[in-house]
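**Q** Quick note on the numbering used here: the sequence shown kicks off at 22 and runs consecutively.
Sharing a structure with you now.
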Amino acid sequence: MSFFRRGPGRVTPAEARRRTADGAAVLLDVRETPEWKAGHAPDAVHLPLSRLAAGETLPASASGRPVVVVCRSGHRSRQAARILAGRGTDAVDVTGGMTAWAAEGLPVRNRHGAAGTVA
Numbered sequence: 022m023s024f025f026r027r028g029p030g031r032v033t034p035a036e037a038r039r040r041t042a043d044g045a046a047v048l049l050d051v052r053e054t055p056e057w058k059a060g061h062a063p064d065a066v067h068l069p070l071s072r073l074a075a076g077e078t079l080p081a082s083a084s085g086r087p088v089v090v091v092c093r094s095g096h097r098s099r100q101a102a103r104i105l106a107g108r109g110t111d112a113v114d115v116t117g118g119m120t121a122w123a124a125e126g127l128p129v130r131n132r133h134g135a136a137g138t139v140a
């Protein structure tokens, strides 16, 4: 028997977009505020990993719903998905993060709604 416990699942950016486009799941961006302001996925909800790890709960719009977690490269989102899963949330993270999201040509918007960049 293996004592290794598998963490939450991982999805590609395209799968993340599919899961969140119709509102079936919430896209949660866990990057810090300056990164968020530079560019994020439209309709994403923002909660930095630092605040989530400190015990902050999900925003009301994400509470009780499946969550797809994204960061810049996938490292912080993996941590956040584990935290959320430990709290009973159905959570997966996006492999490659916003860097992969943008590379696949998916939309990135800045805080003003214009074309954004991944910082």
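By construction, the Cβ of each residue, glycine as well, lies at the ideal position given by its N, Cα and C atoms.
By the DSSP assignment, the beta strand (DSSP E) with A112 in it spans what residues?
**A** First-last of the beta strand (DSSP E) with A112: A112 to V115.
**Q** Among the residues of its own chain, which have a CB less than 7 Å from the CB of Q100, if the five just before and after it don't count?
**A** Around Q100: L70.
**Q** Any idea what DSSP makes of L48, helix, strand or coil?
**A** Looking at L48 - three-state DSSP - the assignment turns out to be strand.
**Q** Here's a check: name, in chain order, each residue in its chain whose Cβ is nearer than 6 Å to the Cβ of R130, leaving out the five neighbours to either side.
**A** Excluding sequence neighbours, R130 sits near P63 and G137.
**Q** Would DSSP call R86 helix, strand or coil?
**A** If DSSP states are grouped into helix, strand and coil, R86 belongs with coil.
**Q** When DSSP builds the beta bridges, which residues end up paired with V91?
**A** BP columns for V91 point to D50.
**Q** Tell me, please, which residues DSSP counts as bridged to A136.
**A** Beta-bridge pairing links A136 to R130.
**Q** Going by C-alpha distance, which of H61, G44, A106 and A42 is nearest T78?
**A** Here the closest residue by C-alpha is A106.
**Q** Take the Cβ of T110 as the centre, count every other Cβ of all protein chains shown within 10 Å, and call the residue buried at 16 or more, exposed below.
**A** Burial call: buried.
**Q** Which of the three DSSP states, helix, strand or coil, is assigned to R108?
**A** Residue state, collapsed to three classes: coil.
**Q** Is it true that the CB of R97 sits closer than 8 Å to the CB of R52?
**A** Closer than 8 Å, so yes.
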